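Under the numbering used here, the first residue of the sequence shown is numbered 5, with each subsequent residue one higher.
The beta-carbon is built from N, C-alpha and C at its ideal position, and this holds for glycine as well.
Note that the structure is predicted; figures quoted are calculated from it, not measured.
Notes for the one structure printed next.
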Amino acid sequence: MSADHRTQSGRSSMKVVPTVSEMRLCSEAEKKAGKTIGLVPTMGKLHEGHLSLIRKAKEECDTIVVSLFVNPIQFSPNEDFRNYPRDFDKDKALAEKSGVDFLFCPVQDELYPSGFQTRIDLPGLADKLCGKSRPIHFSGVATVVMKLFQIVCPTKSYFGEKDYQQLLVIKRLVKDLDVNTEVTGCPIVRDSHGVALSSRNAYLTPQEKVSARSLNASLSLAQSLMDSGERNISVIKKKMRETICGKPHTHIEYISICDPETLEELDRIEDKALAALAVRLGKARLIDNRLLST
Ligand code: AMP
Numbered sequence: 005m006s007a008d009h010r011t012q013s014g015r016s017s018m019k020v021v022p023t024v025s026e027m028r029l030c031s032e033a034e035k036k037a038g039k040t041i042g043l044v045p046t047m048g049k050l051h052e053g054h055l056s057l058i059r060k061a062k063e064e065c066d067t068i069v070v071s072l073f074v075n076p077i078q079f080s081p082n083e084d085f086r087n088y089p090r091d092f093d094k095d096k097a098l099a100e101k102s103g104v105d106f107l108f109c110p111v112q113d114e115l116y117p118s119g120f121q122t123r124i125d126l127p128g129l130a131d132k133l134c135g136k137s138r139p140i141h142f143s144g145v146a147t148v149v150m151k152l153f154q155i156v157c158p159t160k161s162y163f164g165e166k167d168y169q170q171l172l173v174i175k176r177l178v179k180d181l182d183v184n185t186e187v188t189g190c191p192i193v194r195d196s197h198g199v200a201l202s203s204r205n206a207y208l209t210p211q212e213k214v215s216a217r218s219l220n221a222s223l224s225l226a227q228s229l230m231d232s233g234e235r236n237i238s239v240i241k242k243k244m245r246e247t248i249c250g251k252p253h254t255h256i257e258y259i260s261i262c263d264p265e266t267l268e269e270l271d272r273i274e275d276k277a278l279a280a281l282a283v284r285l286g287k288a289r290l291i292d293n294r295l296l297s298t
């Protein structure tokens with residue numbers, strides 16, 4: 005099965021892999037053939053943010069596996085699992101055009117057959133920031149990503165810094181459970197107005213899209229305030245809050261200035277700090293963040 009999906013002309017055609025057993029065989033064959041494997045886990049509805057991860061993986065690895073799976077166990081019952089944007093045909097076309105070798109797209113029963121009950125918990129990191137309003141979220145993420153690691157055995161794996169807390173959770177998981185993969189964080193891709201790309205941006209009305217610019221604007225303001233010598237966290241947060249609240253339809257869930265490693269809230273900024281936020285805008289819950297430097 006190794007690389008037999010590649011034509012003799014060297015052009016590659018992507019293989020769509022729906023089952024765990026087949027994905028395992030494909031990965032084993034690639035490894036046996038001496039190939040390094042780069043894994044990019046996604047929930048689909050691919051955009052430039054996802055494609056930037058794929059490009060990074062292609063720079064560094066021989067074989068690229070993209071997983072496409074809307075993971076039910078990371079959504080609470082009141083969240084948008086059922087309505088989460090899905091477009092398999094477009095995702096497949098985009099992945100193929102981007103030079104992906106294997107598109108792993110299992111159905112729900114394939115990853116969670118009847119009787120499945122294991123969960124991975126990271127009580128320190130997963131309870132902070134988004135974990136406060138999404139109590140099962142990171143356990144669901146850690147569990148599915150661990151399964152992907154077990155199935156694909158990637159040499160390297162790629163995650164976006166847009167989901168900064170998720171990236172920390174995955175790095176911790178890899179360290180704690182001795183997973184043999186190198187985790188790479190990739191920079192946030194934004195549109196021309198500074199809005200971080202997200203599959204959930206599809207929920208936004210045109211007016212909400214304009215309001216969404218205030219998230220990055222408030223993060224940039226935080227850095228500007230730091231640049232002008234401001235170190236009072238309450239003052240910085242207040243000004244960030246005003247930037248967002250000034251726009252219609254915005255409901256701030258949290259604004260945090262915290263330690264970039266532990267996500268503990270900071271009282272004062274001495275060195276590096278992470279500004280992170282979650283804002284509800286109509287049907288969308290958007291997150292964004294920026295590392296602040298002194
Ligand atoms: P998702 O499909 O939303 O679960 O995202 C899959 C991966 O793409 C995650 O590692 C995300 O952090 C990453 N990602 C999503 N949006 C962006 C973005 N705007 N810039 C960089 N990475 C992103």
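query, result
"Top-ranked residue by Cα proximity to Thr-298, from Pro-210, Ala-280, Lys-243 and Ser-232", "Ser-232"
"Cross-strand partners of Phe-153 (DSSP beta bridge)", "In DSSP, Phe-153 forms no bridge with anything."
"Val-74, DSSP secondary structure in three states", "coil"
"Residue environment, Pro-191, which counts as buried when at least 16 other CB atoms sit within 10 Å", "exposed"
"Per-residue burial, Thr-122 [other beta carbons within 10 Å of its own, 16 or more giving buried]", "exposed"
"Own chain residues within Cβ distance below 6 Å of Phe-79, not counting five before or after", "Phe-85"
"Pro-45 beta carbon near the ligand AMP (any heavy atom closer than 7 Å)", "yes"
"For Leu-267, the first and last residue of its enclosing alpha helix (DSSP H)", "That residue, Leu-267, is in no alpha helix (DSSP H); it is neither H nor E in DSSP."
"Whether Thr-185 touches Pro-210 by CB criterion (8 Å)", "no"
"Lys-19 (DSSP reduced to helix, strand or coil)", "strand"
"Pairwise C-alpha distance: Ser-202 and Thr-46", "11 Å"
"Outcome for Lys-266 when other beta-carbon atoms lying within 10 angstroms are tallied against a minimum of 16", "The displayed chain sequence assigns Thr, not Lys, to residue 266. Exposed is the call here."
"Residue burial classification, Ala-282 (beta-carbon count within 10 angstroms, cutoff 16)", "buried"
"Beta-ladder partner(s) of Thr-188, from DSSP", "Tyr-162"
"Coarse secondary structure for Asn-205, derived from DSSP in three states", "helix"
"4 or more residues per run - each alpha helix (DSSP H) lying fully within the stretch 27–115", "52–64, 92–101 and 112–115"
"Ala-279 vs Ala-226 beta-carbon contact at 8 Å", "yes"
"Alpha carbon of Val-24 to alpha carbon of Leu-115, nearest angstrom", "7 Å"
"Contact between the stretch 120–134 and the stretch 95–110 (3+ Cβ pairs under 8 Å)", "no"
"Residues bridged to Tyr-258 (per DSSP)", "Ala-282"
"Rounded C-alpha distance that separates Leu-133 from Tyr-258", "7 Å"
"Sub-8 Å separation of Val-69 and Tyr-162 beta-carbons", "no"
"Sequence-distant residues of the same chain with beta carbon closer than 6 Å to Leu-177, five excluded per side", "Ala-146"
"Any non-hydrogen atom of the ligand AMP within 7 Å of His-141 CB", "no"
"Within 8 Å, strictly: CB atoms of Arg-90 and Gly-53", "no"
"Contact test: Ser-203 Cβ vs the ligand AMP heavy atom, cutoff 7 Å", "yes"
"Residues of its chain near Lys-151, where Cβ-Cβ distance is below 8 Å and the 5 sequence neighbours each way are ignored", "Leu-115"
"Cβ-Cβ distance between Asp-292 and Asn-236 below 8 Å", "no"
"DSSP state of Arg-235 mapped onto helix, strand, coil", "coil"
"Identified DSSP bridge partners for Ile-291", "Ala-282"
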